[in-house]
Amino acid sequence: AQSVTQPDIHITVSEGASLELRCNYSYGATPYLFWYVQSPGQGLQLLLKYFSGDTLVQGIKGFEAEFKRSQSSFNLRKPSVHWSDAAEYFCAVGALAAGNKLTFGGGTRVLVKP
Amino acid sequence: DAMVIQNPRYQVTQFGKPVTLSCSQTLNHNVMYWYQQKSSQAPKLLFHYYDKDFNNEADTPDNFQSRRPNTSFCFLDIRSPGLGDAAMYLCATSREGTLNTEAFFGQGTRLTVV
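Keeping their order, the protein sequence lines are chains A and B.
In this text, residue positions in the first sequence follow my numbering: the first is 32, and each later residue adds one.
In this text, residue positions in the second sequence follow my numbering: the first is 1433, and each later residue adds one.
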């Protein structure tokens, strides 16, 4: 069975500073990996995804993530955060078989200091 | 141009009174999912439809049922809501059977049980 771990429950970062959110996954085959963002009271918005190919993927809102098979990681980064980046971020692994079910990590809440 | 629409956004129901949440999509995706997300937790898959085929997760309580009368609509029925069922309910869709697929989420319905 697939699983996802996000080690950091909360991260506080100053506006303009860089951000890195960690994600580790467990899956028996090539994973399909996603990062979603959720603002309070809202649904999930896809930031980026990895299926194959280039291990550094670019997403929306200036985010990028790097897939490292050897470390079973898919960390999310942003060079300079904006106050509007304050939200909860979820890493997820999907299985193309079995209905593309997503398994989510526990989430990381990002707070942005002025 | 919302593609996955959930109604209502907020639902208050009485303890034990059946309640139905609805989801509609304009993407013509063949897979639809219902996730439950409790406060400060990751979304948890309840079940999904692959076309008309219903797939229940092993740990989804019997209290939760679903209907999909056509491609566009899917309903979540909670037969006898308990206080522990208060949560955000997220509907999502995806196109199964293709590479480079992703799940599209609605804005969610926040259910309060009083």
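All residues carry an ideal CB built from backbone N, CA and C; glycine is no exception.
Subject >> Inter-residue Cα distance where the pair is S45 of chain A and L1515 of chain B >> reply: As a working note, residue 45 of chain A is residue 14 in the first sequence. As a working note, residue 1515 of chain B is residue 83 in the second sequence. S45 of chain A and L1515 of chain B: Cα-Cα distance of roughly 38 angstroms.
Original post:
Expressed to the nearest angstrom, what Euclidean distance is found between the alpha-carbon atoms of C1455 of chain B and L1522 of chain B?
Top reply: Taking the second sequence and counting its residues from 1, one reaches residue 1455 of chain B at position 23. Taking the second sequence and counting its residues from 1, one reaches residue 1522 of chain B at position 90. Their backbone Cα atoms lie some 9 angstroms apart in a straight line.
**OP:** Assign F23 of chain A to one of two classes, buried (16 or more other C-beta atoms within 10 Å of its C-beta) or exposed (fewer than that).
**Re:** Lying before the first or after the last residue shown, residue 23 of chain A is absent from chain A, which here runs from 32 to 145.
Original post:
Assuming K80 of chain A contacts E1528 of chain B under a Cβ cut-off of 8 angstroms, what Cβ separation, rounded to an integer in Å, is found between them?
Top reply: Within the first sequence, residue 80 of chain A is the residue found at index 49, counting from 1. Within the second sequence, residue 1528 of chain B is the residue found at index 96, counting from 1. Contact between K80 of chain A and E1528 of chain B is ruled out by a C-beta separation of about 16 angstroms, above the 8 angstroms threshold.
**OP:** State buried or exposed for I1510 of chain B, treating a residue as buried only when at least 16 other CB atoms are found within 10 Å of its CB.
**Re:** As a working mapping, residue 1510 of chain B is identified with position 78 in the second sequence. It counts as buried.
Original post:
Looking at the structure shown, is I40 of chain A part of a helix, part of a strand, or coil, going by DSSP?
Top reply: Taking the first residue of the first sequence as position 1, residue 40 of chain A is located at position 9. In the structure shown, I40 of chain A sits in coil (DSSP, three-state: anything other than H, G, I, E or B).
**OP:** Whole angstroms is fine: what's the gap from S101 of chain A's alpha carbon to L1477 of chain B's?
**Re:** Here residue 101 of chain A corresponds to residue number 70 of the first sequence, with the count starting at 1. Here residue 1477 of chain B corresponds to residue number 45 of the second sequence, with the count starting at 1. Straight-line Cα distance between these residues: approximately 28 angstroms.
Original post:
Do S57 of chain A and S34 of chain A have their CB atoms nearer than 8 angstroms?
Top reply: Along the first sequence, read from residue 1 onward, the residue named residue 57 of chain A stands at position 26. Along the first sequence, read from residue 1 onward, the residue named residue 34 of chain A stands at position 3. Yes, the Cβ-Cβ distance between S57 of chain A and S34 of chain A is below 8 angstroms.
Subject >> Reference T1525 of chain B, options B:A1519, B:S1512, B:Q1539, closest by Cα >> reply: Here residue 1525 of chain B refers to the residue found at position 93 of the second sequence. Of B:A1519, B:S1512, B:Q1539, the residue nearest in Cα terms is B:Q1539.
Original post:
By the criterion of Cβ-Cβ separation under 9 angstroms, what are the contact partners of L52 of chain A in chain B?
Top reply: To locate residue 52 of chain A, count along the first sequence from 1; it is residue 21. Simply none; closest approach about 14 angstroms.
**OP:** Determine the chain A residues that contact F1537 of chain B at a beta-carbon separation under 7 angstroms, and present them in chain order.
**Re:** Position 105 of the second sequence, counted from the start, is the residue given in the question as residue 1537 of chain B. Residues of chain A passing the Cβ test: G74, L75.
Original post:
For K92 of chain A, does the three-state DSSP call read helix, strand or coil?
Top reply: Position 61 of the first sequence, counted from the start, is the residue given in the question as residue 92 of chain A. Under the three-state reduction of DSSP output, K92 of chain A falls in the helix class.
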